[in-house]
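Single-structure report; data block below.
Residue numbers (the working numbering): 4 to 619.
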């Protein structure tokens, strides 16, 4: 069910239990009232399972809460208690009507004032949630049990009717909540700490405004995710199933997935990507599956053969080959020895060209630069950070951090007027941290997919899963420039945090590389320059992820390569693309650094380097 989450938000009436926990002892059989013409009477339909999903949980006795529900073979049945009351609303105002007796599904209510026959009226439950002119439905307060038993489901009701000749009325209620059940198997034993539901795209409604005319709901407030504390909930070798029931505002998540994420007390993280569904009021939906333990593995399916223990000996200084100092943030192969690079301070599309010559080991031996006239005469700089070449149309795409856009340019660097359809939650620099928007851009002609992501978490994701890293969203696009699938990725935790004294600091994902089999290589880098502390370094890690086959809600990643540059050979690597295939069949990755225009420090100045990484 794709979408709900944040800080213990979004579902109201969420309850969690471990499968091994026993049910409650049966209580007295509730009374089913007999309806009379002069009584106010309300019938509540059973919440039936949607689709062919099954709920493999032991049936339990009725649950008393702000809105009681019990499970039976057909779904969920509403249970009235004597503490319940409904609001009856007419054109003249509203009044409170308490329930007469504990009952299932149907209940009679005490009538303390007479209404004229034929009066149109509406009934709303719960009474204390009613506010004029429109009730506010609050889905923001999850209820989680501490002993494994159910705590209740939030189930506001709505009905309309007219007063009969005897002064009574019969209401056939509608549920205003959608309902969900999650049966998730945790792969290890331990104490669980949080449960989260994170939609890949949409936010989750927390409060909705009910229109009393047609029972439609309008979102008032929303959040990125539900994040709820789990108290005294643990798994064991005998039972590893976490069962979670919840109610939430109706919303269509059918075009996206949602991540179910569980954290344990020891910073373990378990997730599962769930199919999104169109969640409709009065329906019960179920999701079951095996949670996947989040892995940041040191082993990759690819093997790097380049010795990166001393990077300064293998990275090649193209500034010494006649290429003027630049601010190169991206690179892409065009054809033959011709490459295009993104210059983040250049005008227009920020497109420069490099001619690169290589030896048999893939090392750059010669380099020369060409600046297209269209770039020199282009519009103001967009802070271009990434670039890809599309061979079928002979055009380029470049991403700009200034406006969070990805625009197309022809082979000469002139704008075509076309651009990618950026999803709304990524489409403005105001949604990103300062100067940490679109940094990456990659394309693979075999898969037909274009990929991008932000350098650091979006503003809305800043508080998610920080014990394990920093969450970003990898966004794909189709060749028609429409948005495709999205995936969640955790950047490693930074080594330096809250640094205010460094002259240069950067952290996040600086580029990606799309492979023929659908996998992605993600380049994480952290650069730190503090001259007063004589501390200068840039750490780079290349991780391999598999969006095609990974079923985790958060992508698992395996380390392909890692290295560090420092001192006089400092290189802040920001761009990455495929390089030449070597005579022995090995493939290469080219990394290009940003020298900030040959920025000078007291003891050294930066240069532009290209590093070739060979892999099989």
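All residues carry an ideal CB built from backbone N, CA and C; glycine is no exception. Predicted model, so just to flag it, every value in this text is computed and none were measured.
Cβ-based neighbour list, residue i, same chain, cut-off 6 Å, excluding 5 preceding and 5 following
i, result
"residue 335", "343, 390, 391, 392, 580"
"residue 587", "none"
"residue 603", "none"
"residue 477", "456, 490, 492"
"residue 57", "Per-residue confidence for residue 57 stands at a pLDDT of 49, beneath the threshold of 50, marking its modelled position as unreliable; the derived number appears in the next sentence. Same-chain partners within the cutoff: there are none."
With 16 other Cβ atoms within 10 Å as the buried cut-off, status of residue i
i, result
"residue 529", "buried"
"residue 142", "buried"
"residue 306", "exposed"
"residue 107", "buried"
"residue 269", "exposed"
"residue 560", "buried"
"residue 339", "exposed"
"residue 407", "buried"
"residue 125", "buried"
"residue 341", "exposed"
"residue 55", "For residue 55, the predicted structure reports a pLDDT of 48, less than 50, and the residue's modelled location is therefore unreliable. The matter cannot be settled from this model."
"residue 527", "buried"
"residue 461", "buried"
"residue 485", "exposed"
"residue 431", "exposed"
"residue 383", "exposed"
"residue 465", "exposed"
"residue 439", "buried"
"residue 149", "Bear in mind that the predicted position of residue 149 carries a pLDDT of just 38, short of 50, making it unreliable; the figure below should be weighed with that in mind. With fewer than 16 other Cβ atoms within 10 Å, it is exposed."
"residue 246", "buried"
Expected contact under 8 Å - CB spacing of residue i and residue j to nearest Å
i, j, result
"residue 399", "residue 373", "About 14 Å separates the two Cβ atoms, so there is no contact after all."
"residue 166", "residue 122", "4 Å"
"residue 450", "residue 521", "5 Å"
"residue 264", "residue 557", "7 Å"
"residue 304", "residue 349", "With a Cβ gap of about 37 Å, residue 304 and residue 349 do not count as contacting."
"residue 574", "residue 541", "6 Å"
"residue 139", "residue 212", "6 Å"
"residue 543", "residue 576", "5 Å"
"residue 381", "residue 271", "So it is not a contact: roughly 50 Å between Cβ atoms."
"residue 109", "residue 46", "5 Å"
"residue 470", "residue 275", "The Cβ separation is near 19 Å, so there is no contact."
"residue 171", "residue 39", "7 Å"
"residue 83", "residue 114", "No, residue 83 and residue 114 are not in contact; Cβ-Cβ is about 16 Å, not under 8 Å."
Best match in the options for proximity to residue i [C-alpha to C-alpha]
i, options, result
"residue 352", "233, 368, 409, 394", "409"
"residue 443", "450, 436, 433, 454", "454"
"residue 293", "188, 487, 364", "188"
"residue 273", "468, 510, 593, 575", "468"
"residue 629", "236, 96, 240", "The structure shown does not extend to residue 629, since the chain is modelled only from 4 to 619, so the question has no answer here."
"residue 366", "407, 132, 419, 613", "613"
"residue 618", "308, 480, 295", "308"
"residue 386", "347, 112, 87, 228", "347"
"residue 257", "277, 84, 572, 243", "277"
"residue 284", "314, 312, 200, 251", "251"
"residue 448", "191, 547, 516, 246", "516"
"residue 300", "472, 547, 371", "547"
"residue 311", "112, 254, 545", "545"
"residue 362", "585, 136, 127", "585"
"residue 248", "191, 158, 176, 162", "158"
"residue 495", "113, 594, 525", "525"
"residue 423", "395, 452, 439", "452"
"residue 593", "509, 534, 499, 319", "319"
"residue 220", "550, 244, 161", "161"
Own chain partners of residue i with C-beta closer than 8 Å, once the 5 adjacent residues on each side are dropped
i, result
"residue 259", "5, 6, 202, 203, 204, 205, 279, 489"
"residue 224", "143, 208, 209, 210"
"residue 196", "232, 233, 266, 267, 268"
"residue 518", "447, 524"
Residues of its chain near residue i, where Cβ-Cβ distance is below 7 Å and the 5 sequence neighbours each way are ignored
i, result
"residue 328", "322, 598, 600, 601, 611"
"residue 608", "601, 602"
"residue 412", "352, 354, 398, 399, 401, 418, 419"
is_contact[residue i, chain D] using C-beta, thresh 8 Å
i, result
"residue 177", "Going by chain labels, chain D is absent from the structure shown, which holds only one protein chain."
Length at least 4, wholly inside the stretch 360 to 447: the alpha helix (DSSP H) runs in chain order: When DSSP assignments are scanned along the stretch 360 to 447, the uninterrupted stretches of alpha helix (DSSP H) that are 4 or more residues long and fall wholly within it turn out to be 376 to 379.
To test your reading of the DSSP string, which unbroken beta strand (DSSP E) runs of 3 or more residues are found completely within the stretch 73 to 101? List check, beta strand (DSSP E) in window: 78 to 83, 88 to 93, 96 to 101.
Going residue by residue through the stretch 466 to 529, where are the continuous beta strand (DSSP E) segments of at least 3 residues, counting only ones entirely within it? As far as the stretch 466 to 529 is concerned, its whole beta strand (DSSP E) runs of at least 3 residues are 473 to 480, 486 to 494, 507 to 517.
Please list the segments of the beta strand (DSSP E) lying wholly inside the stretch 153 to 223, counting only runs of 3 or more residues, in order along the chain. Entirely contained in the stretch 153 to 223, the beta strand (DSSP E) runs reaching 3 residues are, in chain order, 160 to 165, 172 to 175, 181 to 188, 193 to 202, 207 to 213.
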